[in-house]
Structure formats: C-alpha cells, structure tokens
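Residue numbers (our numbering): 3 to 181.
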C-alpha cells in the first residue's frame with residue numbers, strides 16, 4: 003500500500019518533520035524571521051505551498067512526485083533584483099537584472115522545490131528564490147532556503163502533491179499564514 007501524502011512539512015530550529023520522519027536539514031544563515039527581507043540570509047516563517055519542482059536532467063531523472071516538474075536548462079535563473087519587474091520569478095540568461103543561476107557546477111540545485119513565498123504577487127524586497135534544495139555535505143547554512151540530503155528530498159517529493167506545504171517557524175504550526 004502506498005504511503006499517504008504528506009500535506010505539512012514542519013520546520014523548526016531543531017527539527018524538520020515530514021510524516022513520521024525526522025530529517026536532517028539546513029536553514030538560512032540568518033535563522034528564522036517573520037519579516038523576511040531580500041539578502042538577510044533568513045528562512046521566512048509561515049506556511050508555504052510547494053509550487054513546482056525543477057531538476058537537472060543531466061544529473062538525475064525526473065523525480066516521482068504529484069507536483070508539476072520541469073527540467074533546468076543552462077539559461078535558467080531566478081530574479082532576486084527587487085528593482086526588476088521579474089522579481090522573484092524564473093528568468094532566462096542573458097538577463098538585464100540581478101538573478102541567481104539555477105544551472106550550477108555544484109549539486110545544490112540539482113533538485114529544487116519552489117516554495118510559495120512572496121509570490122502572489124511578489125512584493126519587491128520581501129525575499130526571493132526560497133526553495134527546498136540539496137544540502138551541502140556538512141549541512142552549512144543556506145541564504146534562506148531549506149536544504150536536505152538529495153535522497154531525503156527525493157523521498158519527500160514522492161509523497162507531496164498540490165496541497166503540500168512547508169510550515170516554518172520557531173514552533174511547528176506557530177506563526178503561520180496561508181500560502
């Protein structure tokens with residue numbers, strides 16, 4: 003019998019709980035913040051739906067998930083420039099504004115789950131490019147994302163669907179808002 007869908011992934015300073023599993027993870031170097039700002043290195047607090055999954059097709063097959071998936075191309079990026087109209091949206095290089103490259107030499111963005119933070123619509127300066135992605139081997143802090151082992155992220159995404167969300171805060175379920 004298949005495992006039930008995971009609808010809430012709880013993230014606190016001490017734990018990431020998905021279903022009945024506790025998974026090792028890294029969060030932003032700035033800790034957790036209710037008032038996220040661009041460049042603060044913090045992981046935003048709240049309830050954030052999983053929007054879609056991006057993956058490197060040269061490094062892994064399309065992940066098993068009920069979420070929309072798309073392959074990362076060499077020109078793909080994500081705008082983190084608050085002064086650009088494409089702020090907190092995917093873009094293609096060459097790009098006139100400031101943006102993060104999604105096609106990277108390291109494995110951190112081999113698999114990305116886009117979290118619905120500041121995207122409906124994006125408000126300039128309130129944070130961009132908040133993902134669940136592959137962690138560094140030593141689980142070094144991120145710039146605000148949630149990072150997991152690749153195998154754990156694949157396991158998690160296989161159990162997520164359109165109603166799944168990350169619930170991030172000092173206490174699981176606390177300080178949350180609708181996605």
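Think of the CB as a built atom: it goes at the ideal place given N, C-alpha and C, for glycine as much as any other residue.
Item to check | For residue 78, the first and last residue of its enclosing alpha helix (DSSP H) | outcome: Element bounds for residue 78: not the alpha helix (DSSP H) but the beta strand (DSSP E), 78-81.
Item to check | Alpha-carbon to alpha-carbon, residue 151 and residue 179 | outcome: Caution is warranted here: a pLDDT of 42 is assigned to residue 179, below 50, making its placement in the model unreliable, and no coordinate value can be reported.
Next on the checklist: How far does the alpha helix (DSSP H) with residue 157 in it extend, from its first residue to its last?
Outcome noted: 152-159
Checklist entry - Between the beta-carbon of residue 13 and the beta-carbon of residue 132, is there less than 9 Å? => result no
Item to check | Cβ neighbour criterion (16 or more within 10 Å) applied to residue 93 | outcome: buried
Next on the checklist: Give me, in chain order, the residues of the same chain whose beta-carbon lies closer than 8 Å to that of residue 155; leave out the 5 immediate sequence neighbours on both sides.
Outcome noted: 113, 115, 134, 135 and 136
Item to check | Cβ-based neighbour list, residue 59, same chain, cut-off 7 Å, excluding 5 preceding and 5 following | outcome: 73
Item to check | Proximity to residue 27 [Cα-Cα], best of 163, 149, 161 and 173 | outcome: 149
Item to check | DSSP three-state assignment for residue 103, whether helix, strand or coil | outcome: strand
Item to check | Residues near residue 84 by beta carbon distance below 7 Å, same chain, minus five either side | outcome: 40, 126 and 127
Checklist entry - Exposed or buried, residue 67, counting other C-beta atoms within 10 Å across all chains shown (16 or more means buried)? => result buried
Checklist entry - Can you tell me the Cα-Cα spacing of residue 48 and residue 108, whole angstroms? => result 29 Å
Next on the checklist: Give the list of continuous beta strand (DSSP E) stretches no shorter than 3 residues that lie fully inside the segment 36-81.
Outcome noted: 48-57, 71-73 and 78-81
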